[in-house]
Each structure stands twice: as structure tokens, then as C-alpha cells.
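For reference, each letter of the sequence shown is one residue, going 969 to 1218 in our numbering. A virtual CB, placed ideally from N, CA and C, is assigned to each residue, including glycine.
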Amino acid sequence: MPVKGVLSVITPAGRYIVPPEQAVWVPPFVDHEVIALGQVQLSSLYLDETRIGGFPPDCTCLSVKPVLQLLLQEANALVKSEAGLIDPDFKDRVMRLLMVIRDFMVLAPKVALDLPYPRDKKLLRITEALLADPSEQRTLVDWQREVGASARTLARLFKQQTGLSYSQWLQRLRLQVAIQMLSRGESVLTTALSLGYASGSAFGYMFRQLMGVAPSQYLLAQNTLPKIQCPKYSSKQPHIKSHVASQCER
């Protein structure tokens, strides 16, 4: 979970853009890459396989409520040593706290911010072009002449392989890019025009539909998140490996 800044989490199945009020659950043995989009403070919760009951079977973006952010802050504060190990005097307290955090994560609402990748080569040509230029305005009717498949076939494959229509996939891509741009300090209007929207209001409508808040409210929320102090990271954890680790300003 990014405490500050935005993360990109990439798996073989898709991509997640993760702002501070969200987290990504990655199940065991799933190959993934985490990219810091600018300066990022990151809190990570590691669980033993015996403690993952109730979590989704696949990678999932989760909503992180303020109470969970504060619990993570408290857990980080109890990890005193530079090696990132738990002080023996606080071990029982930390382990109880970590299990509460785990339970909050299990109950956290899912957020549809993933961008599923298709498998079909024709669709991959389209999605790669969209990733390179999210302001792309071509429809599937336009694409059919380039990739050698009818618009109807492309629409069917998009739905089958990503669970989204072409327009929904493009909207979600633009939302991911918008979150990156807004978090870097770009204005709402600049972000809207860069993504191919004719006006800030058209962009704002899309943003509200997918995020539930206006871009201005989203930016305000980013500036009022609790701050978490970041201890150094260690992968050596006692018992359930549920130590909260942080990597600062990557």
C-alpha cells in the first residue's frame, strides 16, 4: 500500500495503479513487478500461507479506510530496530495488531482499478497502442481495418478475455493515467486534455463514475492522509511473516 505517491503493480494478467487510499493483494507465487511512479512511501504486509484464508484467489485492488491506515502507522511505530525486526518486548502486542490489520484487509471492499490484459494477438496490438497513447480516439470499427478482424469479433473477444468492453477498458486505462498525473500535481484540465477529453467537465464525469468522487475531492483526500514513518525493511520475520515493512521514496 502506498502511503505517499502512486504505485504500479504489474502481473501476467494485468496492471494496477495504486494510489494511497488503496492496496493490492498479491497471492502467493504470483510473479509481479512493483514500480514507484515518482517518490513513494510503501507499507507491505506479508502473511504466511496459513493466514491467507478469506483473501481473494487472484490479485485484487482493495480500498484502504483511514482506520486501517492508522493501524498500519501504529504497527510501523512498534518496529523500532533498524533491521526492521520486532522488539521482543512488543512482540505479542505487534502480532495481535497485525492480525487485526489482516482481518481489516480481508473485509476491505474491492476496487475496480485493475487493467486486465487480453491474450489474443489482435487485441494485444490494440491495447499496446492504447497504452502508448491513452488519448487514442479510434473505435473498434477503425481498428478492424488495421488488425484484420471485424469490429463485432473484436468486441466479443474484448469482453471474453478482459471482462470489459473496449470503451470500458479504455476508460479504465485513462483513469489509471489520470491518477498518476493528478498525483504528480497536474491540473484537472491539463489531465483531461492530455487524455483526449474535450473539457474538464467531461473528464470529471468519467472520474466520478469510476471513483465515486470528483477529481478535486480526490486531490483533497490525498493531502489529508495520515503520515506513516518508515522503518527500514527486512524480510526476516518471526512466525507468520506479517511484519509491516516500508520502502521510502523509491
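Report the three-state DSSP secondary structure of residue 1104 (helix, strand or coil).
It is coil, neither helix nor strand.
Work out the CA separation of residue 969 and residue 1011 for me, nearest whole Å.
Roughly 5 Å between the two C-alpha positions.
Could you give the distance in angstroms between the alpha-carbon of residue 1032 and the alpha-carbon of residue 1073?
Taking the straight line joining both Cα atoms gives about 8 Å.
Would you mind giving the Cβ-Cβ distance between residue 998 and residue 977, rounded to the nearest angstrom? I have them listed as a contact below 8 Å.
Actually they do not touch by this definition, with Cβ atoms about 10 Å apart.
What do you get for residue 1109, buried or exposed, if any count of 16 or more other CB atoms within 10 angstroms of its CB means buried?
Under this definition residue 1109 is an exposed residue.
Check residue 995 in the structure and name its three-state DSSP category.
Here residue 995 sits in coil by DSSP.
Can you list, in chain order, the residues of its chain with a C-beta nearer than 6 Å to that of residue 1125? Leave out the 5 residues immediately preceding and following it.
Closer than 6 Å at Cβ, skipping near neighbours: 1088, 1091.
Just the Cα atoms here: how many angstroms apart are residue 1006 and residue 1107?
Between residue 1006 and residue 1107, the C-alpha separation is close to 32 Å.
Mind checking which residues open and close the alpha helix (DSSP H) that includes residue 1173?
Per DSSP, residue 1173 belongs to the alpha helix (DSSP H) from 1168–1179.
Does the CB of residue 1149 have a neighbour CB from chain B at under 8 Å?
Given the protein chain composition of this structure (a single chain), no chain B is represented.
With DSSP collapsed to three states, give me the class of residue 1004.
Note: residue 1004 maps to strand in three-state DSSP.
Taking Cβ to Cβ, would you say residue 1030 is nearer than 8 Å to residue 1078?
Yes; because the gap between Cβ atoms is below 8 Å, this pair is in contact.
Output needed for residue 985: all residues of its chain with C-beta closer than 7 Å, excluding positions within five of it in sequence on either side, in chain order.
Same-chain partners within the cutoff: 974, 976, 1081, 1144, 1147, 1148.
Within 10 angstroms of its Cβ, does residue 1075 collect 16 or more other Cβ (buried), or is it exposed?
Exposed, by the Cβ-count rule.
Could you tell me if the beta carbon of residue 1035 falls within a distance shorter than 7 Å of some heavy atom in the ligand HEM?
The ligand HEM is not among the ligands present in this structure, which contains no ligands whatsoever.
Below 7 Å CB to CB, which residues in the same chain sit around residue 1129 once its five sequence neighbours on both sides are set aside?
Taken in chain order, the residues that qualify are 1086, 1087, 1088, 1091.
Rounded to whole angstroms, how far is the Cβ of residue 1141 from the Cβ of residue 1178, which I believe are closer than 8 Å?
Going by Cβ atoms, the distance from residue 1141 to residue 1178 rounds to 11 Å, so no, they are not a contact pair.
Could you round the C-beta distance between residue 1175 and residue 1182 to whole angstroms and report it? I think they count as a contact, below 8 Å.
That belief holds up - the Cβ atoms of residue 1175 and residue 1182 are roughly 7 Å apart, short of 8 Å.
Let me confirm a value: residue 1069 is counted as buried when at least 16 other C-beta atoms fall within 10 Å, else exposed. Which label applies?
Residue 1069 is buried by the Cβ-count criterion.
Can you tell me which of the three DSSP states residue 984 falls into?
Three-state result, residue 984: strand.
Give me, in chain order, the residues of the same chain whose beta-carbon lies closer than 8 Å to that of residue 1020; leave out the 5 immediate sequence neighbours on both sides.
If we look at residue 1020 and ignore the five residues flanking it on each side, its Cβ neighbours are 995, 996.
Classify residue 1035: buried if its beta carbon has 16 or more other beta carbons within 10 angstroms, exposed otherwise.
Exposed: under 16 other Cβ atoms inside 10 Å.
With distances taken Cα to Cα, identify the nearest neighbour of residue 1188 among 1168, 1153, 1163, 1131.
The candidate whose alpha carbon is nearest that of residue 1188 is 1153.
Pick helix, strand or coil for residue 1194, following the three-state DSSP scheme.
Low per-residue confidence applies at residue 1194: pLDDT is 46, beneath 50, and the placement is therefore not dependable enough to give any value.
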